[in-house]
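**Q**
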Ligand SMILES: [Zn+2]
């Protein structure tokens, strides 16, 4: 099983390693749900949290396929206005996800596609 945790970071505000991606402090301690989502463990503060909490998908009101599409456009360097028009969301939404995803947009996109094989008719891992 290939667990690439480099796009995740600890979500505990009080953790010395909060927000540090690819820092080596996270490991997978469990899997849950029908998509076998990972429960991550931070050895710096002993916190456990869902992998989704560290991604733009978490707590999102957008359907996952829109998030994936949106991130794909951001990763390709498509401008905010064009992305909003192409994906069918507001510019504010694009800006918000763009900020969240940052340089990790491409990696997040790949990860999100892998999260949701049933929504895309493929991408089985
Ligand atoms: Zn931590």
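In this note's numbering, the protein residues as written are 1 to 125. Don't be surprised by glycine CBs; every beta carbon is placed ideally from N, CA and C.
#1: Measure the CB-CB distance between residue 24 and residue 9 and report whether it falls below 8 Å.
#2: Can you name the start and end residues of the beta strand (DSSP E) that residue 38 belongs to?
#3: For residue 70, does the count of other Cβ atoms within 10 angstroms reach 16, so buried, or fall short, so exposed?
#4: If you run the structure through DSSP and keep just helix, strand and coil, what is residue 26?
#5: Under a three-way DSSP split, which group does residue 6 fall into?
**A** From the atom records:
#1: Position 24 of the chain shown holds residue 24. Position 9 of the chain shown holds residue 9. No. Outside cutoff.
#2: One-based indexing of the chain shown puts residue 38 at position 38. Annotation for residue 38: the continuous beta strand (DSSP E) segment containing it runs 37-42.
#3: Along the chain shown, one-based indexing puts residue 70 at 70. So residue 70 ends up on the buried side.
#4: Start at 1 with the first residue of the chain shown, and residue 26 comes out as number 26. It is a strand residue.
#5: Numbered from 1 along the chain shown, position 6 holds the residue referred to as residue 6. It is coil, neither helix nor strand.
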